[in-house]
Amino acid sequence: MKSASRLSRVAVRDFVFVLLLASRPLPVFASDTLELIRSRDVLRWGADAEGGAPYVYPDPQKPEQLIGFEVDLAEALAAKLGVKATMVQNQWDQLIPALERGNFEIILNGLEITPENRQRIAMSRPYFVYAQQIVTRKNTDGLTRIEDFGGKPIGVLSSSVAQRLVEKISGVDLRIYPGNVETFRDLKANRIEAVVLDLPIALYYAKPDPGLKFSGAPFAPGYYGIGARKSDASLLAALNQAVEELARDGALERIYRKYGVWDERQERLKDYQPEAVPEKKSISTLRDWPKYLPLLLRGAVTTVELSLLAMALAVVAGLVVVLVRLYAIAPLRWLARAYVEVIRGTPLLIQLFLIYYGLPEIGIRLNAFFAAILGLGLNYAASEAENYRAGIQSVPPGQPEAALALGMSQWQTLQHVVLPQALRVVIPPVTNDFIAMFKDSSIVSVITMVELTKVYGMLAMSTYDYIGLGLMTAGIYFALSYPASLFADRLERKLRYDRR
Amino acid sequence: MIAVEKLVKSYNSTPVLRGIDHAQNRSEAVVLIGPSGCGKSTFLRCLNQLEIADSGRITIDGVTIEGGRIPRSSEERERQRQLRRRSGMVFQSFNLFPHFTVLQNITVAPRFVKGVPTPEADARARQLLAKVGLENKADAYPAQLSGGQQQRVAIARALAMEPQVMLFDEPTSALDPELREEVLRVMRQLAEEGLTMIVVTHEMQFARDIADRILFFDDGLVVESGPPDRIFSNPQHERTREFLSKVATR
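Note that the protein sequences, when read in sequence, are chains A and B. Per the numbering used here, residue 1 is the first one in the first sequence, and the count goes up by one each step. Per the numbering used here, residue 1001 is the first one in the second sequence, and the count goes up by one each step.
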């Protein structure tokens, strides 16, 4: 493994390099990337190994080692360039921005040759012919064409070709997933009726599963190509030549047969003629805000709904937890304490996965919205319980003593004396959590909820206007959080009783 | 009306009360004196169940609680509340509820513990405020009052539950000297009206004025007791003499 310092030094150097490239026109630098790769003796290729079979994935027998047809292909390509290949892990739907930032020189990870992609980056001649495949449960009838999908919940991978195809069918309840393992889980859990995805993925994940079937024939064929920065013309030329040689000398066929993804379509790779690339037109979402802002606002509605309901749950559940922890009998007290510690000590992401994908295995099936509220709410409940505990313990012991001495019961003492005084102490941290909830709620996109950040990501993917959309999205988040702060300020002032 | 038998209490195996016996009649005013840490406050706190005695027995107005066990069953808890309702406690640090107005401080217990309707509770509270000289402070918050005023409200709050006996735990110790007199005046008046009370205090002149009986506490025991004249002018025990000479020269 590389040392971290070496890695960051390389990253900084490349980042500066990319900055220079970005200040076009400087074509003299462009030819240097290939030289750089050769002098460094390493071709860095970006890919996502998470759920990446059969492209790039950890070997089930030796999980520390990556395998897949693209791993073999990267090595073959690097060998043609006379260098070694190094894979750089990167989330799939962020591969293009990472390439532009200079995290690696090429993308080699099932990147489709589409007009959208070719406007943004340079793409090599194709190294694989893919098609789309519909997968359903064994006992599902029909749904052999995407045109049959109206009104049905359908799963696709985030920013995949399938997403773009199914989005166009009216009335489809589109569910967007970060990884393909989750799509098949939800398909088997009856949460969705079909999954549309690239054939190689279907071959690896769905074909061996007796509960699933391929529905209809593969359709909408297309090409995977290697992505490179537009300025790296010499690298692209070298890659094109390497791919062509690998196609003609049978190396591609050997690799693809090894992973079971070879079919007769791949014959087309040998004689591919590239079409003309349309010139990249830049989109300003800020100038076109009437078109984009409503889409973002619709996502914001989901964010607000989620945050309000999850916070309501957290505020109530947190109170129950803290009361049990402080006043119940011993075994219940330990349980409440354990709850707080376990929830605080484990990532929210894992908790959401367990609730959404884990609970169906024991027969509890929640839809994404309720799973999101439950996950966020129960997570924040632990934090609220701790806030309350700090508040309750900030009330001087003389206060409950005075109440008990007046003959009040334990519960009356809490209700009339302790909790009202704790409330004032508790408001600032709870408001803080509420504001954090607006932002944390973006994590629920991993269980297919489309909220504000997810809408931003989807729009940014298709327009590449990260800055314009980012400003609008940040503005919406701020417009949500700031009133919450103001409200808390007012509430806090209203509850002040130490005025003179 | 009050009977305490062999009351024992330790904190972490340090004995604080080592077998207190005490009997008190209705309308009797008893003042506890003694050096700091001798167990006077703990005695009061045991009487109204803020501390649970290790052993012994407390009876107030026919309600008896045995020491040695924390009340768990609902019957035991009810008995504990009955005992508490028979005694009113006034604390050194007032312990008014800062989030309530003066009036609410006084009415909260009658309303929620006894179920007195709010208008009645309010009217009674205003009478009590008049008695302690604060009728115009009903809507003030505790933080807006001086220490002496707060302590007078605390007395009214305890009286509102109509206890059989009032327990005063160093009620003037946290006050500046010029504020003490207004609290002592109220307590004198209560004693004259024949309220049963037990007062822990370091105000010797006050003790002499109001007490029917003085109890001298030392090291967890009642060393000496008797009418104030005898205790102050002719103490029988060496330790009493020693203590009184120290307070006198202070």
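Cβ coordinates follow ideal geometry from the N, Cα and C atoms, glycine included.
Any chain B beta carbon closer than 7 Å to residue i
{"i": "Leu502(A)", "result": "Residue numbering for chain A in the displayed model covers 1 to 500; residue 502(A) lies beyond these limits and cannot be assessed."}
{"i": "Tyr420(A)", "result": "Per the sequence shown, residue 420(A) should be read as Pro rather than Tyr. Chain B contact via Cβ: present."}
{"i": "Gly398(A)", "result": "yes"}
{"i": "Glu50(A)", "result": "no"}
{"i": "Val324(A)", "result": "no"}
{"i": "Glu401(A)", "result": "yes"}
{"i": "Gln393(A)", "result": "no"}
{"i": "Gln351(A)", "result": "no"}
{"i": "Gln91(A)", "result": "no"}
{"i": "Gln163(A)", "result": "no"}
{"i": "Gln94(A)", "result": "no"}
Contact under 7 Å by Cβ, residue i with residue j
{"i": "Val418(A)", "j": "Asn387(A)", "result": "no"}
{"i": "Gly46(A)", "j": "Ser124(A)", "result": "no"}
{"i": "Gln1080(B)", "j": "Asp1169(B)", "result": "no"}
{"i": "Ser548(A)", "j": "Asp433(A)", "result": "Lying before the first or after the last residue shown, residue 548(A) is absent from chain A, which here runs from 1 to 500."}
{"i": "Ala385(A)", "j": "Val321(A)", "result": "yes"}
{"i": "Leu1103(B)", "j": "Ala1125(B)", "result": "yes"}
{"i": "Gly1148(B)", "j": "Leu1129(B)", "result": "no"}
{"i": "Phe438(A)", "j": "Ser481(A)", "result": "yes"}
{"i": "Asn367(A)", "j": "Ile343(A)", "result": "no"}
{"i": "Ala1029(B)", "j": "Ala1003(B)", "result": "no"}
{"i": "Tyr223(A)", "j": "Pro115(A)", "result": "no"}
{"i": "Met1161(B)", "j": "Ala1109(B)", "result": "yes"}
Below-7 Å beta-carbon distance, residue i vs any chain A residue
{"i": "Arg1086(B)", "result": "no"}
{"i": "Leu1083(B)", "result": "no"}
{"i": "Met1089(B)", "result": "yes"}
{"i": "Met1161(B)", "result": "yes"}
{"i": "Phe1112(B)", "result": "yes"}
{"i": "Asn1012(B)", "result": "no"}
{"i": "Ser1093(B)", "result": "yes"}
{"i": "Arg1250(B)", "result": "Per-residue confidence for Arg1250(B) stands at a pLDDT of 46, beneath the threshold of 50, marking its modelled position as unreliable; no derived number is given."}
Assigned secondary structure, residue i (DSSP; H/G/I helix, E/B strand, else coil)
{"i": "Glu100(A)", "result": "helix"}
{"i": "Phe219(A)", "result": "strand"}
{"i": "Lys84(A)", "result": "strand"}
{"i": "Tyr1141(B)", "result": "coil"}
{"i": "Asp186(A)", "result": "helix"}
{"i": "Thr453(A)", "result": "helix"}
{"i": "Ala122(A)", "result": "strand"}
{"i": "Asp1169(B)", "result": "strand"}
{"i": "Arg137(A)", "result": "strand"}
{"i": "Phe149(A)", "result": "helix"}
{"i": "Arg24(A)", "result": "Below a pLDDT of 50, predicted positions are generally treated as unreliable, and Arg24(A), at 39, falls in that range; no measurement from the model is reported."}
{"i": "Ala30(A)", "result": "Here Ala30(A) scores only 41 on pLDDT, less than 50, and its place in the model should not be relied on; the value that follows carries that caveat. Looking at Ala30(A) - three-state DSSP - the assignment turns out to be helix."}
{"i": "Arg1057(B)", "result": "strand"}
{"i": "Ser5(A)", "result": "Note that Ser5(A) scores a pLDDT of 37, beneath 50, so its modelled location is shaky; the value from the coordinates is reported in the next line. Three-state result, Ser5(A): helix."}
{"i": "Ala79(A)", "result": "helix"}
{"i": "Ile1052(B)", "result": "coil"}
{"i": "Phe214(A)", "result": "strand"}
{"i": "Gly250(A)", "result": "coil"}
{"i": "Lys1131(B)", "result": "helix"}
Bridge-paired residues (DSSP) for residue i
{"i": "His1022(B)", "result": "Val1004(B)"}
{"i": "Gly155(A)", "result": "Arg175(A) and Val195(A)"}
{"i": "Trp45(A)", "result": "Met87(A) and Ile106(A)"}
{"i": "Arg383(A)", "result": "One detail in the question is off: residue 383(A) reads as Ser in this sequence, not Arg. None, per the DSSP bridge assignment."}
{"i": "Gln132(A)", "result": "Asp198(A) and Phe219(A)"}
{"i": "Met1197(B)", "result": "Ala1029(B) and Met1166(B)"}
{"i": "Arg1213(B)", "result": "Val1030(B)"}
{"i": "Arg1221(B)", "result": "Checking the sequence shown, residue 1221(B) turns out to be Leu, not Arg. DSSP lists Asp1218(B) as partners of Leu1221(B)."}
{"i": "Leu66(A)", "result": "Pro58(A)"}
7 Å Cβ cut-off: residues of chain B touching residue i
{"i": "Tyr497(A)", "result": "Pro1098, His1099, Tyr1141 and Ala1143"}
{"i": "Ser284(A)", "result": "The premise fails here: Ser284(A) is roughly 54 Å from chain B at the closest Cβ pair, so nothing lies under 7 Å."}
{"i": "Ser170(A)", "result": "Near Ser170(A) there are no residues of chain B at all, since even the closest Cβ is about 58 Å away, more than 7 Å."}
Within chain B, the residues that residue i reaches when beta carbons sit closer than 9 Å
{"i": "Val417(A)", "result": "Phe1097, His1099, Phe1100 and Val1108"}
Proximal chain A residues relative to residue i, where beta-carbon distance stays under 9 Å
{"i": "Leu1050(B)", "result": "Glu401, Leu404 and Ala405"}
Contact set between residue i and chain A, taken where Cβ atoms lie within less than 8 Å
{"i": "Ser1027(B)", "result": "None at all; the shortest Cβ gap to chain A is about 22 Å."}
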